[in-house]
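When we follow full-length UniProt numbering, the leftmost residue of the sequence shown carries the number 1, and every step to the right adds one. All residues carry an ideal CB built from backbone N, CA and C; glycine is no exception. Since the structure is predicted, the reported quantities are computational estimates derived from the model, not experimental observations.
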Amino acid sequence: MWQRFRNRTEAGKLLAARLAEYANRPDVLVLGLPRGGVPVAFEVAKALNAPLDVCLVRKLGVPGHKELAMGALAMGGIRVINENVVDWLRIPQETIDQVAAIEMQELNRRNLAYRGNRPLPKVKNHTIILVDDGIATGATIRAAIATLKKQQPRELVVAVPVAAASTCEELQTEVDKLVCVIMPEDLYAIGIWYEDFEQTTDAEVCELLTRQKLLIAND
Numbered sequence: 001m002w003q004r005f006r007n008r009t010e011a012g013k014l015l016a017a018r019l020a021e022y023a024n025r026p027d028v029l030v031l032g033l034p035r036g037g038v039p040v041a042f043e044v045a046k047a048l049n050a051p052l053d054v055c056l057v058r059k060l061g062v063p064g065h066k067e068l069a070m071g072a073l074a075m076g077g078i079r080v081i082n083e084n085v086v087d088w089l090r091i092p093q094e095t096i097d098q099v100a101a102i103e104m105q106e107l108n109r110r111n112l113a114y115r116g117n118r119p120l121p122k123v124k125n126h127t128i129i130l131v132d133d134g135i136a137t138g139a140t141i142r143a144a145i146a147t148l149k150k151q152q153p154r155e156l157v158v159a160v161p162v163a164a165a166s167t168c169e170e171l172q173t174e175v176d177k178l179v180c181v182i183m184p185e186d187l188y189a190i191g192i193w194y195e196d197f198e199q200t201t202d203a204e205v206c207e208l209l210t211r212q213k214l215l216i217a218n219d
């Protein structure tokens with residue numbers, strides 16, 4: 001029987017322990033998926049003594065059932081569609097476009113809030129460790145993978161505390177390495193694998209990004 005994580009901090013520390021081979025390497029960059037993935041990614045970046053930034057992706061939720069992903073959107077115009085959900089619910093293209101337009105506005109808002117005038121992180125020829133707090137349908141992480149691959153990283157590692165075993169198996173073919181602490185046969189929902197799964201705020205994301213930047217600068 002799998003044991004639940006106390007919170008994202010504990011999950012990040014346990015995940016970092018499985019990524020020790022990437023510690024103190026100048027080519028490593030840790031990217032967290034906002035917002036919930038950033039507290040996990042912070043613990044990974046701190047343990048590895050690596051820079052931390054965000055990979056901005058937005059889930060395209062089904063209208064009326066926002067937790068169900070019909071796809072995802074990433075910076076650079078990347079759009080990944082969950083064909084099974086779209087076909088099952090017979091969602092028209094017009095609806096997908098409307099939701100995508102709204103989520104694109106939120107992506108741009110977050111980019112400004114988290115990054116300000118800072119340039120996008122350099123991905124080319126770097127080892128990228130992409131971190132989230134868990135993988136449900138996989139649409140969001142696939143959009144992130146697609147946008148990062150376009151930037152030609154040396155190695156792309158996906159690292160999460162929890163994901164269904166079948167999802168991990170599928171994603172392993174899309175990245176260089178996948179690291180997952182808990183791989184249940186049935187996931188149900190990411191939140192049930194955490195005792196504390198409170199929503200992460202924009203302020204917390206900004207604070208963690210700043211803290212890791214200061215840790216690296218003072219090392």
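| Check | Outcome |
| --- | --- |
| Classification of residue 97 by the beta-carbon crowding that lies within 10 angstroms, buried from 16 upward | exposed |
| C-beta contact flag for residue 31 and residue 130 at 8 Å | yes |
| Buried versus exposed, by CB contacts within 10 Å (16 or more), residue 193 | buried |
| Secondary structure, beta strand (DSSP E): runs of 3+ residues fully inside the stretch 41-68 | 52-54, 57-62 |
| Beta carbon of residue 60 nearer than 8 Å to that of residue 23 | no |
| Option in 167, 114, 124 with minimal Cα separation from residue 139 | 167 |
| For residue 70 and residue 80, believed in contact at Cβ under 8 Å, the rounded distance | That pair is no contact at about 10 Å. |
| Pairwise C-alpha distance: residue 94 and residue 133 | 31 Å |
| Which of helix, strand or coil DSSP assigns to residue 39 | helix |
| Bridge partner(s) assigned by DSSP for residue 5 | 194 |
| Residue 37 at chain D interface by Cβ criterion, 8 Å | The chain labelled as chain D is not found in the depicted structure, where only one protein chain is given. |
| Bridge partner(s) assigned by DSSP for residue 79 | 73 |
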